[in-house]
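In the UniProt record's numbering, the protein residues as written are 1 to 238.
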């Protein structure tokens, strides 16, 4: 990938949190066994509806609607959403090797053309500009270091860079305690616990700030953010 240009527009420059510690892999949490056997029933089947208030049918519809023939998935989990689609080309980006292994194997068996990149979502992506039609990211942004979405700007700028004209960024993320979205008692306790342990870094993540950052990067009128429970569903068009 070419080096970043020094004459980047203001929205592409690092936010105030650019000095934060980088994201780190969590091999014990995202182990091969957990991703293969436990991730779907515990995270998708239980946590999504009961802690974060999001219907999995809404996430499924995002992928069915927006996943292009050439796609990038950032934080693929165990490829739960992608493997329900027809084969296409995909680049998988994640810090956790076992997430990439499980996702690669599941998609490869279904005839996908899969490339894997073991790296942070906020590091420069090893992809050419205007190379894909969609970028998806389900339940990842709340894990990226930062005091708010402005500190996670690199994710959005890289997504815009690799999308061709008319391409779509889409995904979901759990909002932080500074957002007024309703959350169950169990969800509030677990969100606080995850932030204490570092599994989440999202206390300042609000739907309003997410929309603002998306419009800074993609342009006015190019982004939508919906809230279901304490989960934001976002879309933006290049």
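Where is the CB? At the ideal position from N, CA and C, for every residue including glycine.
- The C-alpha of residue 147 lies about 11 angstroms from the C-alpha of residue 206.
- Cα atoms of residue 50 and residue 160: separation of roughly 32 angstroms, rounded to the nearest angstrom.
- Going by DSSP, residue 59 is part of the alpha helix (DSSP H) stretching over 56-66.
- By the Cβ rule, the segment 105-124 does not count as touching the segment 172-192, because fewer than three pairs are nearer than 8 angstroms.
- Within the UniProt domain "Methyltransferase type 11" (73-170), the runs of alpha helix (DSSP H) that reach at least 4 residues and sit entirely inside it are, in chain order, 97-109 and 153-162.
- With contact defined as three or more Cβ pairs closer than 8 angstroms, the segment 80-92 and the segment 56-72 are in contact.
- Per DSSP, the continuous alpha helix (DSSP H) segment holding residue 207 begins and ends at 207-218.
- The three-state secondary structure of residue 232, taken from DSSP, is strand.
- Taking all protein chains shown into account, residue 122 has 16 or more neighbouring C-beta atoms within 10 Å of its C-beta and is therefore buried.
- In the three-state scheme derived from DSSP, where H, G and I count as helix and E and B as strand, residue 237 is classed as strand.
- By DSSP's assignment, residue 227 forms a beta bridge with 232.
- Distance from the CA atom of residue 52 to the CA atom of residue 132, rounded to whole angstroms, is 30 angstroms.
- With contacts defined by Cβ atoms closer than 9 angstroms, residue 138 and residue 75 form a contacting pair.
- For residue 227, the closest C-alpha among the options 237, 168, 215 and 211 is that of 211.
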